[in-house]
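To start, the structure itself, in structure tokens.
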Amino acid sequence: MEWIDQAIIIGSRKHGEKASIVQMLTKNHGKHAGLLSGGSTSSKRHLVEPGNYVSANWRGRLPEHLGRVNIELERSFGAVILGEPKKLAALNSICEIILLVLPERESHNEIFMATLFLLQNMANEQDDIWLALYVRWELGLLGALGFGLQLSTCAVTGQTNNLAYVSPKTGRAVTMDIGLPYKDQLFVLPDFLSNGERNHGNASYKDIVNGAKLTGYFLEKHVFATLNKTLPPMRNRFFDLMNKEI
Amino acid sequence: MSVSEIEHLISILAKLPGLGPRSARRVALHLLKKPDQIMLPLAEVIQSTASTISNCGVCGNLDTIDPCRICADEERDVELICVVEEVADLWAIERTSVFRGHYHVLGGTLSAIDGINPNDLNIETLLKRAERPQLKEVILATGATVSGQTTAHYILERLQRIDVKVSRLSHGVPVGGELDYLDDGTLTTAINSRRLF
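Residue numbers (the working numbering), protein chains in the order written: chain A, 1 to 246; chain B, 1001 to 1197.
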């Protein structure tokens, strides 16, 4: 069996003296591993850096085998952001979350496209729009895993504007008027999450941290708790860096 | 030496880097052919090295004395510490003879896939060393990889409360490198960290 697919490298581990077992997020084959011959050698080690966008050619006698993979580098997103601590922490967080929560070999085309879009923004854009995209990426991940939040209408009144809080029990938004008396028990809903894609550029660091508290809570509750794990340390580190900016 | 002992020798040699079962057999045969010239001296050296070598309590380097020869060398610059990932990196910098300060070996890098967190690395001892008043600069010489630079940023963050200059190795075009053959990341960092000619 053989396939060629677009992939993002999310991790690699040395295998034997020269080979590496590469973990990839592929466009059509989901999270997939493969053995890269010579992947630990100086000539190929740069290919398996986390965040690399590659063309992967996987071969195995049977589909359930680990298989061998050949990799051709398309773009190295990690290399472009090496000097930027927040982006580097976000990249580590993305890779760690995908490694931990996505099932093996189950196609998640939408997560691949969202991850690629986020990495492209992190590498290309000079402004901080990628921060809002990161929170949206986590929100999308929750949705793709079957735990989507209802943030576009009020759970009580059905209103679509003036949404300000989210219930930790239901994951549904409520308006300012409804939520204000219970605000200490609710999550703040930042504008950029309730108004679709229009306000990404206007999100403040405080909005980003509020958004991350929201997605972090539901990721931990619905995804990581079922795996007997807590949120990954790299994600915590990323938002520790964000908290320092407020 | 019986056949089973020879097989045992081959199986141990085959665990060395660069040696498979076939090449281990060749090495074993070579040792057996020249027991006085190679095999016994090698056995003695391995025995004595194994019993005397240890990690330096100051920097983490490998040596037969503690503190290691580099830490004990009074001619070295006490104002500089170069932080490296592994002992192999220390040896690589030593080969250049350019750096005459002290070292600090971390013992790896932060890694999600391998589950290595800050407590697994030699970072706390570095922070203690950085508090010494005579220290002026810490050079973060971790690899130009995602994990290497993540570790460097983490250490930088921890060192910020200490009054010490922190620098890192520059990234860019290698000596003898042609631009056409360089990857995008190296070229980007080379352009970003360009300097006046």
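Note that the Cβ used here is the ideal one computed from N, Cα and C, for glycine as well.
On a predicted model such as this, the values are computed, not experimentally measured, just so you know.
- When DSSP assignments are scanned along the segment 35 to 92 of chain A, the uninterrupted stretches of alpha helix (DSSP H) that are 4 or more residues long and fall wholly within it turn out to be 77 to 80.
- Those residues of the segment 226 to 244 of chain A placed with their C-beta closer than 7 Å to a C-beta in chain B are Pro232, Pro233 and Met234, ordered along the chain.
- For Asn92(A), the nearest beta carbon of chain B is closer than 8 Å to its own beta carbon.
- A Cβ of chain B is located within less than 8 Å of the beta carbon of Val80(A).
- Taking a Cβ-Cβ threshold of 7 Å, none of the residues of chain A is close to Ala1092(B); the smallest such distance is about 12 Å.
- Annotated three-state conformation of His1171(B) is coil, per DSSP.
- For Ile208(A), the enclosing alpha helix (DSSP H) stretches over residues Tyr205 to Phe218.
- Taking 4 residues as the shortest admissible run, the segment 1032 to 1075 of chain B contains the following complete alpha helix (DSSP H) segments, listed from N- to C-terminal end: 1040 to 1052 and 1069 to 1072.
- Among the bridge pairs identified by DSSP, Tyr182(A) is matched with none.
- Taking Gly78(A) as the centre and dropping the five residues before and after it, the same chain places the C-beta of Glu49, Pro50, Gly51, Asn52 and Leu91 closer than 7 Å to its C-beta, in chain order.
- If you draw a straight line from the Cα of His65(A) to the Cα of Gln6(A), it is about 20 Å long.
- Rounded to whole angstroms, Glu2(A) and Ile1155(B) show a C-alpha spacing of 43 Å.
- Interface annotation, Gly1060(B): not in contact with chain A, CB-CB separation never under 8 Å.
- Chain A has a Cβ within less than 8 Å of the Cβ of Gln1149(B).
- As the crow flies, the alpha-carbon of Leu151(A) is around 52 Å from that of Ala1088(B).
- Interface criterion not met: the Cβ of Gly146(A) is under 8 Å from no Cβ in chain B.
- Judged by DSSP in its simplified three-state form, His1104(B) adopts strand.
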